[in-house]
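Residue 23 in numbering that gives the first Met the number 0 sits at position 24 of the sequence shown, with consecutive numbering throughout. See structure below.
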Amino acid sequence: MKIVVDVRNLSVSYDGKKAFEDISFSIPAKQIVGIIGPNGSGKSTLIKAIMGLLVVDQGIVSIMNQPVSRARKKIAYVPQRNAIDSDFPVLVEDVVMMGRYPHMSWWGFPSAKDRQVTEESLIRVGMIELRKRQIGQLSGGQQQRVFLARALAQEAELLFLDEPFAGIDIASEGMIMKLLKNLRDQGNTLFVVHHDLSKAESYFDSLILLKNKLIVYGKWEDVFKLEYLRMAYDDRVATFTTDNELMVVNG
Ligand code: ADP
Ligand code: MG
């Protein structure tokens, strides 16, 4: 089995306070990996650390058997949406073209191929008609589709998305999830930070459950066990119904 992301004994802290400690796992190719856990459990920090965006206390991250510094072109990142991105006065098509920068020559003019890939990416997320709009004029769901198009334009093998469905409409969520599954089926590997536990089974091939350390990594049926969920969310989250089904309430 080809391992795409290998994390060994990774620890990260901010100002001397641990965000998480001693995390290890190996992720095979062609998966959508959900990263779940309560607020502050280290989800965003974990993906930033894997992408090499943070100074870590200790640990080793290998991307396709290379240090992350050698794998940057293979990685696309859709950060958590925020007001700064949304207010930035820039056109939809220019946001998506930014995904082509790693491919451009040093003089930085877009080639015919850059323009073509940008256009195709906009078509794939259903945003081609709004290409001349300013990003700030779009709804949250439309903005998220544009940021996904930027990641598509990068033609990366590994995608990291931080809470891509937060505050967006159901139609956009469905479309984005379908696209992520297409990307997986084409051989890409995706990490998705997500907090809605009820979707975890249908959205993800495997799950990383965090609570400032790794509680468990595995398939949904191995992760959604009362003992693990309680370790992450305490008792407020998980109980059994009369049918002995695990009932999960978000924490
Ligand atoms: P999550 O994404 O699961 O909500 P984070 O990775 O954002 O969790 O945060 C993990 C811990 O690190 C939290 O205690 C949070 O307050 C802290 N933290 C996150 N980012 C910073 C930062 N830039 N500076 C200081 N502390 C931070
Ligand atoms: Mg976060």
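Ideal Cβ placement from N, Cα and C applies to all residues, glycine included.
C-alpha distance - residue i paired with residue j, whole-angstrom precision
i, j, result
"Ser-205", "Lys-218", "4 angstroms"
"Gly-250", "Ala-199", "Reliability fails at Gly-250, whose pLDDT of 45 lies under 50, so the model's placement of it is uncertain and no value is given."
"Leu-179", "Arg-69", "25 angstroms"
"Gly-51", "Trp-106", "26 angstroms"
"Phe-164", "Asn-38", "15 angstroms"
"Ile-46", "Leu-129", "30 angstroms"
"Asn-64", "Ile-2", "8 angstroms"
"Asn-211", "Ser-110", "44 angstroms"
"Phe-203", "Val-6", "19 angstroms"
"Asp-221", "Met-103", "44 angstroms"
"Asp-113", "Ser-10", "38 angstroms"
"Leu-182", "Leu-225", "32 angstroms"
"Met-174", "Glu-119", "16 angstroms"
"Ala-170", "Val-67", "34 angstroms"
"Gly-166", "Phe-108", "35 angstroms"
"Asn-8", "Ser-201", "29 angstroms"
Minimum C-alpha distance to residue i - residue among the options
i, options, result
"Asp-56", "Ile-74, Asp-14, Gly-36 and Met-96", "Asp-14"
"Val-215", "Ser-10, Leu-158 and Ser-23", "Ser-23"
"Leu-209", "Tyr-232, Gln-79, Lys-180 and Gly-166", "Tyr-232"
"Phe-190", "Asn-8, Leu-228, Ser-25 and Lys-16", "Ser-25"
"Glu-162", "His-102, Tyr-100, Ile-59 and Leu-196", "Leu-196"
"Ser-40", "Phe-87, Val-222, Ser-85 and Ile-207", "Ile-207"
"Glu-20", "Val-3, Leu-160 and Ile-59", "Ile-59"
"Asp-184", "Phe-223, Glu-156, Gln-143 and Arg-229", "Glu-156"
"Leu-213", "Leu-225, Glu-220 and Met-230", "Met-230"
"Ser-12", "Ile-62, Leu-53 and Ile-31", "Leu-53"
"Met-176", "Val-32, Pro-27 and Arg-99", "Val-32"
"Val-192", "Gly-36, Met-0 and Pro-88", "Gly-36"
"Lys-73", "Met-0, Gly-166, Leu-137 and Thr-188", "Thr-188"
"Pro-27", "Asn-8, His-194, Met-0 and Phe-108", "Met-0"
"Arg-99", "Ser-138, Phe-146, Leu-137 and Pro-78", "Phe-146"
"Pro-78", "Pro-88, Met-96, Thr-44 and Val-89", "Thr-44"
"Leu-137", "Met-97, Asn-8, Pro-88 and Ser-201", "Pro-88"
Residue i and residue j closer than 9 angstroms at C-beta
i, j, result
"Glu-172", "Gly-140", "yes"
"Lys-17", "Gly-186", "no"
"Tyr-76", "Phe-159", "yes"
"Pro-101", "Arg-71", "yes"
Anticipated Cβ contact below 8 angstroms, residue i with residue j, distance rounded
i, j, result
"Ile-49", "Lys-42", "With 8 angstroms as the limit, Ile-49 and Lys-42 do not qualify as a contact, their Cβ atoms being about 11 angstroms apart."
"Arg-132", "Val-91", "5 angstroms"
"Ala-150", "Leu-121", "Not confirmed; about 12 angstroms, so no contact."
"Asp-168", "Gly-135", "Not a contact, Cβ separation roughly 17 angstroms."
"Arg-80", "Gln-143", "6 angstroms"
"Val-4", "Ile-62", "6 angstroms"
Any non-hydrogen atom of ligand 4 closer than 8 angstroms to residue i Cβ
i, result
"Asn-211", "Of the ligands this structure carries, namely ligand 1 and ligand 2, none is ligand 4."
Below-9 angstroms beta-carbon distance, residue i vs any chain C residue
i, result
"Phe-19", "No chain C appears in the structure shown, which is made up of a single protein chain."
- prompt: Can you list, in chain order, every residue whose CB sits closer than 7 angstroms to a heavy atom of ligand 2?
  reply: Going along the chain, the residues that qualify are Lys-42, Ser-43, Gln-79, Asp-161, Glu-162 and Val-192.
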